[in-house]
Amino acid sequence: MRKTIIAITLIALPFTGFAATDSCYAQLADISAKMERAKSLGDSAAVARLNIAQDKVRTYCSDDRQARRASHDVAQREMKVKKAELELQDAQKELAEAKAEGRTDRIRKKTNRVEEKKRRLESAKLDLQQAQADAQRLN
């Protein structure tokens, strides 16, 4: 059982994505750490895959590209927050209309919808904060 868990973990290691906004140095350090673990466990296939990943990072990664990607990610997250805010406003408007009608079944349904939209907005705001932190770290 333990060997199975280790094998699954090692198979998944090369497929664990690097954060799109990690610096090139951080990506290389992460790959090196994973490579050391794979070497210590004698997993030559994982070492080979990690060597390929390391070569790709060295070839294609630049801190300027990572910074641009991070800035783009922030812009996308900002749009997601704005969209979530608009959806929340719409849901609140529909709830107000349902309350004006006085139908308890619609009020309950619209209240649930407002709560769902609030959760989505909070999630979008957290994603934006993370993207901003990543961008600041790279700039």
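Last residue of the sequence shown: number 139 in the working numbering, and the count goes up by one each step with no gaps. In this text, a Cβ means the ideal position worked out from N, Cα and C, and glycines have one as well.
Item, Value
"What residue range does the alpha helix (DSSP H) around N140 cover?", "A question about residue 140 goes unanswered here, because the residues of the chain that appear run from 1 up to 139."
"Would you mind working out which of L121, D63, G102 and A70 sits nearest S132, comparing C-alpha positions?", "In the sequence as presented, Ser is not what sits at residue 132; that position holds Gln. Of L121, D63, G102 and A70, the residue nearest in Cα terms is A70."
"Return the chain-ordered list of same chain residues with a C-beta closer than 7 Å to the C-beta of C61, the five sequence neighbours on each side being excluded.", "C24 and Q27"
"If you compare alpha carbons, which of E85, L126, T111 and A48 is closest to K99?", "T111"
"Along the chain, where does the alpha helix (DSSP H) that runs through C24 open and close?", "C24 to S40"
"Beta carbon of A67, beta carbon of N139: below 8 Å?", "yes"
"Count the other CB atoms within 10 Å of the CB of D63; is the residue buried (16 or more) or exposed (fewer)?", "exposed"
"Going by alpha carbons, who is nearest to K152 out of K34, K117, N51 and E36?", "Residue 152 lies beyond the residue range present for the chain, which begins at 1 and ends at 139; the question has no answer from this structure."
"Quick test of your reading: L95 and V114, contact by CB under 8 Å. State the CB separation rounded to the nearest angstrom.", "5 Å"
"Consider the Cβ of C61: report whether some Cβ of chain B lies at a distance smaller than 8 Å.", "In summary, chain B is missing from the structure at hand, where a single protein chain is found."
"Which whole-angstrom value is the C-beta distance of K56 and A124, which I expect to be below 8 Å?", "Going by Cβ atoms, the distance from K56 to A124 rounds to 31 Å, so no, they are not a contact pair."
"To the nearest angstrom, how far is the alpha carbon of D105 from that of A91?", "15 Å"
"Nearer than 7 Å: is that true of the beta carbon of G42 relative to any heavy atom of the ligand PLP?", "With respect to the ligand PLP, the structure shown offers nothing to examine, as it has no ligands at all."
"Over the uninterrupted alpha helix (DSSP H) stretch that includes S71, give me the two end residues.", "D63 to E101"
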